[in-house]
Structure formats: C-alpha cells, structure tokens
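Chains A and B are the protein sequences, given in the same order. Heads up: the first sequence runs through residues 946 to 1229, numbered per the working numbering. Heads up: the second sequence runs through residues 946 to 1229, numbered per the working numbering. A virtual CB, placed ideally from N, CA and C, is assigned to each residue, including glycine. These numbers were taken from a predicted model, which means no experiment stands behind them. Report on the following structure.
Protein chains: 2
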Amino acid sequence: MVSTATTPRAKPQVSPHRLERLRQDINRGLERLLPPTSAKPQVVHEGMRYCVLSEGKRFRPLLSLGACEAVGAPARTALSVACAVEMIHTYSLVHDDLPAMDNADERRGQPSCHRKYGEGNAILIGDALLTLAFDVLGRNGTANALAIIQTLSRACGTTGLIGGQVLDLQAISQPSSATERILREIAEWKTAALITASIAAGALAGGGAAAQVKRLERYGQCVGVAFQLIDDVHDGEGMAQVLGRDQARSEVQRLIAQALGMLEPFGKRAALLGELASWLSTTV
Amino acid sequence: MVSTATTPRAKPQVSPHRLERLRQDINRGLERLLPPTSAKPQVVHEGMRYCVLSEGKRFRPLLSLGACEAVGAPARTALSVACAVEMIHTYSLVHDDLPAMDNADERRGQPSCHRKYGEGNAILIGDALLTLAFDVLGRNGTANALAIIQTLSRACGTTGLIGGQVLDLQAISQPSSATERILREIAEWKTAALITASIAAGALAGGGAAAQVKRLERYGQCVGVAFQLIDDVHDGEGMAQVLGRDQARSEVQRLIAQALGMLEPFGKRAALLGELASWLSTTV
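Written out as structure tokens, the structure is:
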C-alpha cells in the first residue's frame, strides 16, 4: 500500500481534514465562477454545472494549490487558477466522452454530458468550459497571469491534451501500433501535460522563481505519468498491457519516489504536494 | 449599392490594393502561427490549416487592424491579435458545422471540416484552434494583453458565440418562437459579439484609451448586427423573414450609417474601418 521507495521522500504532513477543506474551497470557487442556471442560455449553464460540480477528486486543482504553497504563498492565492484548471480538465472529459470519440455513457458516476443534454449541447458545454477557463485566467490578478495563460494553453494544445487524445484514438483503432514508446507519449500528452501545467500555473500564481517552477514541473511530469499508469493498471490497458501489471506497479512507485525527491528543497512548504503524491502511490 | 444615409460618414479612403496587402499580412501571420503539418499529430495540424487557410474575407481580423490604426498605432501592431480572432472565428464555424449542430457539408467552397477529417477529428480541430488563439494572445506582447484576453473570451462565451449558437439551434427547431427580439439577440450574440470584440481587441492592442475603445465598440455593435442581417437577407431567413427583405435592407443601411457616424472623431485614422463598413453596405 505504501511506497517502498529508496529515494528520499517528504513525510505526509497534511491532515485529511485540511485536504477536505481545500476541496470545499475549490468547489465553492467553481460554484461562484460558473454562470447561474437562471441566466440564458440555461441549458448550457446547467450542463456546465452538472459536469463540473459532480463528484471529483479535484486532484489537479489541489496540485495547483500545493505548488502555490510550495513556493511560499498561501494556497488560496492560486484558487482561481485551480478552478480554471478543473474547468479545462472537465471540458476535456466532456469532449472525449462524445460518441465521435470514446463514446462513454457514464462519467463520475452519472450519465455523461451528451447522454444527459444531447450531443450538440455537450459540444457547446465543453467549448464553454474551455472558454470560461481562459476568461477566469484573464481576470485573475495574481503575478504572472500571462505566463499562466501560456503554460495552460500549451498544455491544452496539440502537443498536450488534444494531441494525446488523437494518439489515443489512433492506438485504440490500431492496437498493434501501440508500442511502449507511443503509450508513454500518450500518457505524457494526454495526462502529464495538464498535470504538469496545473502545478506550474499554481507555482506561478504564488510568484515562484523560474528554477522553482522548473523543479516542480519535474515533480509534475513524474506524477502525471504515474497517474496515467495507475489508470492503465486498473483498466488492464495501455502501458499495463505492454509492461505487465507488476512491472507497471513498480514503475508507478519508482516515479512517485522520484517525484517526492524533487520536493526536497521545498521542505515543509511542499507538504501538500508530498501528500498528494503519497496518496497516489496508495491507489495502484 | 451605396448607402443613402443621412448621418455623416467618413469617405472611403483605402485602396483595394492596400486591403489586399493587409489580407496577405493576415494570411502570412496565420501561416506562421499554425503548427506545421510535419509535426505530430499531423491530422489535426493539417485540419487546422485546411480550415483556417481556406478562402476567407478576413473581415474580423481586418476590423482588428483597422481599430488599431484608428487609435493611432500602425495596423500591424494588432497582427497577432487579428490572427487569434480569425482562429476563434474558424473554430466556431468548425463546431457549428458539425452533424450534431447545423450539419453543413460545405464551408468556404470546400467540404466542411468533419466531411474531410471525420467528426472526432473535427471536434478536436475546433478545440485546437480555440486553444491556439489563447496561446497566441498569451504570447502577444502588445499593451493590454490581459484586457484583450478578457474581451475575446467573454465574446466567445455563453453570452457571446456559444449562447448565440444555442439560441440559433432553438430557433431552428421551434421557428414559431423566433420573434424579432429573439432574432436580434441571436444576431448580437452569435455575430456582433465577436465582431465587436475583434474591434475592441485591436484598439486595445494599439494602446487605445477606454473612451476610444467604447466608441469603437459601438461602431462594432452596429456593423455586427448589420453583418448578420445581410446574411439573413441572402438566405431569406431569420430577421429578413420577420422584417421582410426590404425593411431588413434599409435597417442594414441605417446601422452602417450609424457605425460610420461613430468614426467621426477618429478622422482619417479610421479610414480602414470606414472602408470596411462601406464595403459591407454594398453587399446587401
């Protein structure tokens, strides 16, 4: 259950109570930033809320808050950035679930967006979430607002979220082409890019120095690939299929140990990031 | 062919040669900003170029350049903003054309994006264009970069492009609900919002003062609603159906005269904006 890493690691220091409070802060922030269902066009506003405010671990926005804290600012400084990150993540789920893509009927324990609101509305609901994320980032008054926008837009682009989804669709339609190299590329683009950017954006919101942001991005890269590997282990797909489940599991632990190593120079201020990585290692 | 407006108007002063040169600048800017087809994921990069670099009037990006010039900066100062505007416009066309929306087979004289690349790719190609637009705006070093992002993201949102498309879909499925008020709202959200924001963004890129931006936005509001009315006159739909073709035509001329009146305080510097509005009045 717990990492057997030999590399140094920060001891978990964040109470479940504090994690839960931060999750509530994120949920309240999202609630405030999403347009009210009373305003036109109601169906899109209702759909945005249905998708974003459904049960979620809030892993990516918590990473933003953790990175902000790691560079010495209060976690809440990055709250609007964290909310934008969750909107981006939800947009990508809504579009990936569409019939022309993964054709998923369920998401987060409820009917997927297009099953609930129809395909045309689901496309627009995804578009609206992506657009609102940049609106929020544009209004966000923290340091480095433009750098944050650059970081997140790149992670969403064709060498990030979108590229990963394309490669994933290709790998599904031609399973024989899915080598370990390709699958790692999918993990890096589809999952690790946004996770890394969520961390960099949080660190930038906290006014982090370039060297700090860089080190935290390396933490993010490891956590992101581990996250995708864990998903693959659970589904018996992708990397888990190519590497075998046991090897995939030890690769996860290696990556998380490496991630925790990156946090060393930040000391106690990286407690939240340490906790999130340690939690991840318990889920495989 | 020419407006019979009684309100004052700037005399057209821009040669077709200069308009064509500006269009080429925009096309070259887009060519440079779009990812190369040689890079992965090729299908998405190819599709982005197919949709953006196809024949287009470049009306919106020309408005950005014109607004930049009107506030006293060289038109080219707003070139990357203008390119971002064209990417946003193209994204909205790609998504609106999808089978779950307007189900259009052709666009700009060629097969629509999903007819050429399939539905899943077309969704991703649209997503990628919207994302790239914000990436370009985030990297754009002109004055007021954050204000530009706010202006454009709002125009793309649920009380802009997206809201207009929702109302339009509802009006199509329930033609009896399409009153003049609703149709004007559709015109304002679906068309005028992005046109107005293109102008405001260009003026902001040129370092325009708040009062100048406001006046140019009023020009944009008139031009935007006129633009949608002209579309309706040509298709015999929407407002043209409710008002009747002749009344719709005189409403266009009234709006354009009003738009030209807004340009007065800018004098000769508004020549390009004056020319674009005058051109519009010849197309109805």
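- B/R1052 carries a strand assignment under DSSP once its states are collapsed to helix, strand and coil.
- The beta carbon of B/S1009 does not come within 8 Å of any beta carbon belonging to chain A, so the residue lies off that interface.
- For A/I1131, the closest Cβ of chain B is not nearer than 8 Å.
- B/C1101 belongs to the set of residues whose beta carbon lies under 8 Å from a beta carbon in chain A.
- Sequence-distant partners of B/E1196 (beyond 5 residues in either direction) whose C-beta falls short of 7 Å from its own C-beta, in its chain, are L1174, L1188.
- Excluding sequence positions up to five before and after B/I1094, its CB lies within less than 8 Å of the CB of F1079, L1082, G1083, all in the same chain and listed in chain order.
- Taken in chain order, the unbroken stretches of alpha helix (DSSP H) that lie wholly in the region 1036 to 1123 of chain B and span 4 residues or more are 1058 to 1062, 1064 to 1084, 1090 to 1101, 1106 to 1118.
- Taking every protein chain shown into account, the CB of A/E1051 has fewer than 16 other CB atoms within 10 angstroms, so this residue is exposed.
- Taking C-alpha positions only, A/R1129 is separated from A/T1141 by approximately 15 Å.
- With 16 or more other Cβ atoms inside 10 Å of its own Cβ, A/A1202 counts as buried.
- Contact annotation, A/Q1055 with A/S999: C-beta distance approximately 6 Å; criterion of less than 8 Å satisfied.
- Contact note: A/D1113 does not reach chain B at a C-beta cutoff of 8 Å; the least C-beta distance is about 10 Å.
- Here the region 1085 to 1094 of chain B makes contact with the region 1131 to 1149 of chain B; the two share three or more CB pairs at distances below 8 Å.
- Where B/E991 is concerned, the enclosing alpha helix (DSSP H) starts and stops at 987 to 997.
- Under the 8 Å criterion on CB atoms, B/L1077 is classed as interfacial with respect to chain A.
- The Cβ neighbour count for B/G1169, taken over all protein chains shown within 10 Å, is at least 16; the residue is labelled buried.
- A distance below 8 Å separates the beta carbons of B/L1139 and B/L1106.
- Burial of B/P1006 is indicated by the presence of at least 16 other C-beta atoms within 10 angstroms of its C-beta.
- In chain order, N1066, L1069, I1070, A1073 place their CB closer than 7 Å to the CB of A/V989, counting only its own chain and leaving out the 5 sequence neighbours on each side.
- Taking C-beta separations shorter than 7 Å and ignoring five residues to either side along the sequence, the partners of B/D1042 in its chain run A1049, R1052, S1057, C1058, H1059, following chain order.
- With contacts defined by Cβ atoms closer than 8 Å, A/T1087 and A/A1150 form a contacting pair.
- Note on geometry: alpha-carbon atoms of A/V1026 and A/E1064 lie some 29 Å from one another.
- The continuous alpha helix (DSSP H) containing B/L1205 extends over residues 1190 to 1208.
- With at least 16 other beta carbons inside 10 angstroms of its own, A/S1098 counts as buried.
- Linking A/V1158 to A/A1193 through their CA atoms gives a straight-line distance of about 28 Å.
- Judged by DSSP in its simplified three-state form, A/T1227 adopts coil rather than helix or strand.
- Beta-carbon to beta-carbon, A/L979 and A/R994 are separated by about 5 Å, close enough to satisfy the 8 Å threshold.
- About 21 Å separates the beta carbons of A/Q1186 and A/S1226, which is beyond the 8 Å limit, so they are not a contact pair.
- Per DSSP, the continuous alpha helix (DSSP H) segment holding A/V1170 begins and ends at 1155 to 1180.
- For A/L964, the enclosing alpha helix (DSSP H) has its first and last residue at 961 to 978.
- Linking A/G1109 to B/V1178 through their CA atoms gives a straight-line distance of about 43 Å.
- For chain A, the residues of the region 969 to 985 of chain B that bring a beta carbon within less than 9 Å of one of its beta carbons are P980, A984, K985, in chain order.
- Identification of chain B residues near A/I1068 by a Cβ-Cβ cut-off of 9 Å yields H1040, L1043, A1045, M1046, I1068, G1071, ordered along the chain.
- Rounded to the nearest whole angstrom, the CA to CA distance from B/P1019 to A/T1096 is 29 Å.
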